[in-house]
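Before any comments, here is the structure.
And the structure:
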């Protein structure tokens, strides 16, 4: 799920933009990087800078009904992709569409090691609904200073795995909030809350400390977000937070029990530590009957738990099995491996290309001659979203592509932000409308946004993908970078 840091503000570049009293809500059927003013516009295209606080809204289109849920676990399928080229420098040029580029039967190794936890792709935790292309992990949290098997330690399942954000966020309904101390401005001072703004929704809740256990790794005394916390007296978000978009504070709205952000950055808001005055719709001090925007310190901001490990703390590797072009209704099992080049089980393959990112976490993707420098790899997006007016959209699932022929073989070129290396990625798109009701992973894509190619979870199918944390030293260089 692409996180836009906290306190994203909206700069309207369209004269017919109307902001309703309900603020901005997201058109989940248009993909991860779409946002719309409630009830007035749809298919709003954005130019998004992940680490800045600005969304440029352009190209508003007539409103259309939207339904379903907003958060990253959208009921949409994904495009299956496979690598079909190596590295190399120079300026990328469009390559011909690839034919028969479906991955083979690569299966990731079974989790075996203190730095590995299982990943599962299934229909999700909500009874009577299904999620497609959503990767889940289990997270164990303990009050600071305690450890399993203490009775106050709790394991939360179906937490979405997300390389597009940083920090742990758990639904307060899934654990005992009062066992975990609140983050306060000063000892005994006002509690701190967070409005976490994502491209497709907003979460609100208190910030608490926990020791976070992931396999044999532990991050101690780490701030995390308690989503929808009903115990601290401020369950209603402040107006400038709710105006950011629909609040997703329940399992039904999220399609998960939380979010494990293991992305490129050490925390979810550097600017919240350094910026003055405080950034609106980010962190708050809550006292009496209201919450007020505030700055935070480095030990109060929600942190990427991987960066706080004692070892294996420079990034992650995700291993997922390949998926047939027609999709599958079989539960998929993979692994999340902590560290890059820190143990024998997390070394970069000799054939891997390393794509450094810019300060916002973006690389460059060239598709059919168009270069998009706001592109990224994101396990929290459950589709590949990219603009191509020559591919028909579906009549029922109008936000998705239904190409002819189906599957349709395509290719794009990924380039590091520094200009080298470059490598071709081949992928195929199959129509969503005929998809089976029980499919948990499939090769479906949809329209994206200007200047962005969102390489969602399906990019991770059938290959190891590495995400290196900004400033962290690895055998392949210093993060941030993606590698595969």
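Numbering (the numbering used here), first residue to last: 34 to 517. Just so you know, even glycine gets a beta-carbon here, dropped at the ideal spot from N, CA and C. Values in this document were obtained by computation on a predicted structure and should not be read as measured data.
Helix, strand or coil at residue i according to DSSP, with G and I counted as helix
{"i": "residue 211", "result": "helix"}
{"i": "residue 462", "result": "strand"}
{"i": "residue 310", "result": "coil"}
{"i": "residue 297", "result": "coil"}
{"i": "residue 529", "result": "Any question about residue 529 goes unanswered here, given that the chain covers just 34 to 517."}
{"i": "residue 172", "result": "strand"}
{"i": "residue 339", "result": "helix"}
{"i": "residue 204", "result": "strand"}
{"i": "residue 181", "result": "coil"}
{"i": "residue 285", "result": "helix"}
{"i": "residue 239", "result": "strand"}
{"i": "residue 155", "result": "coil"}
{"i": "residue 273", "result": "helix"}
{"i": "residue 247", "result": "strand"}
{"i": "residue 417", "result": "strand"}
{"i": "residue 453", "result": "coil"}
{"i": "residue 323", "result": "strand"}
{"i": "residue 381", "result": "coil"}
{"i": "residue 492", "result": "helix"}
{"i": "residue 256", "result": "strand"}
{"i": "residue 515", "result": "strand"}
{"i": "residue 411", "result": "coil"}
Burial state of residue i (16 or more Cβ within 10 Å)
{"i": "residue 364", "result": "exposed"}
{"i": "residue 491", "result": "buried"}
{"i": "residue 352", "result": "buried"}
{"i": "residue 256", "result": "buried"}
{"i": "residue 402", "result": "exposed"}
{"i": "residue 344", "result": "exposed"}
{"i": "residue 210", "result": "buried"}
{"i": "residue 332", "result": "exposed"}
{"i": "residue 236", "result": "buried"}
{"i": "residue 180", "result": "exposed"}
{"i": "residue 382", "result": "exposed"}
Selected residue, minimal CA-CA separation from residue i, among the options
{"i": "residue 419", "options": "438, 430, 443, 157", "result": "443"}
{"i": "residue 487", "options": "164, 410, 511", "result": "410"}
{"i": "residue 317", "options": "300, 368, 267", "result": "267"}
{"i": "residue 384", "options": "216, 157, 184, 498", "result": "498"}
{"i": "residue 221", "options": "320, 504, 185", "result": "320"}
{"i": "residue 223", "options": "258, 325, 211, 271", "result": "325"}
{"i": "residue 453", "options": "396, 489, 503, 485", "result": "396"}
{"i": "residue 146", "options": "378, 489, 413", "result": "378"}
{"i": "residue 350", "options": "400, 314, 413, 515", "result": "515"}
{"i": "residue 160", "options": "219, 290, 202", "result": "290"}
{"i": "residue 276", "options": "229, 213, 296, 393", "result": "229"}
{"i": "residue 308", "options": "296, 295, 151, 327", "result": "327"}
{"i": "residue 201", "options": "477, 429, 465, 341", "result": "341"}
{"i": "residue 450", "options": "394, 226, 265", "result": "394"}
{"i": "residue 414", "options": "158, 252, 292, 206", "result": "292"}
{"i": "residue 330", "options": "304, 323, 348", "result": "304"}
Beta-carbon proximity check, residue i vs residue j, cutoff 7 Å
{"i": "residue 468", "j": "residue 474", "result": "no"}
{"i": "residue 439", "j": "residue 463", "result": "yes"}
{"i": "residue 339", "j": "residue 346", "result": "yes"}
{"i": "residue 177", "j": "residue 262", "result": "no"}
{"i": "residue 412", "j": "residue 196", "result": "yes"}
{"i": "residue 355", "j": "residue 494", "result": "yes"}
{"i": "residue 280", "j": "residue 272", "result": "no"}
{"i": "residue 479", "j": "residue 432", "result": "yes"}
{"i": "residue 187", "j": "residue 208", "result": "yes"}
Contacting residues, own chain, Cβ-Cβ under 6 Å from residue i (five flanking each side not counted)
{"i": "residue 190", "result": "171"}
{"i": "residue 424", "result": "434, 436"}
{"i": "residue 387", "result": "509, 514, 516"}
{"i": "residue 247", "result": "150"}
{"i": "residue 375", "result": "345"}
{"i": "residue 274", "result": "228, 237, 314"}
{"i": "residue 259", "result": "205, 210, 238, 239, 241"}
Beta-carbon proximity list for residue i, same chain, < 7 Å, skipping 5 on both sides
{"i": "residue 183", "result": "175"}
{"i": "residue 311", "result": "326, 327, 328"}
{"i": "residue 445", "result": "398, 399, 400, 458, 486"}
{"i": "residue 254", "result": "177, 242, 244"}
{"i": "residue 217", "result": "223, 224, 225"}
Sequence-distant residues of its chain with Cβ nearer than 8 Å to residue i (five each side left out)
{"i": "residue 503", "result": "297, 298, 299, 512, 513"}
Contact test: residue i Cβ vs the ligand MN heavy atom, cutoff 6 Å
{"i": "residue 373", "result": "Because no ligand of any kind appears in the structure shown, any question about the ligand MN cannot be addressed here."}
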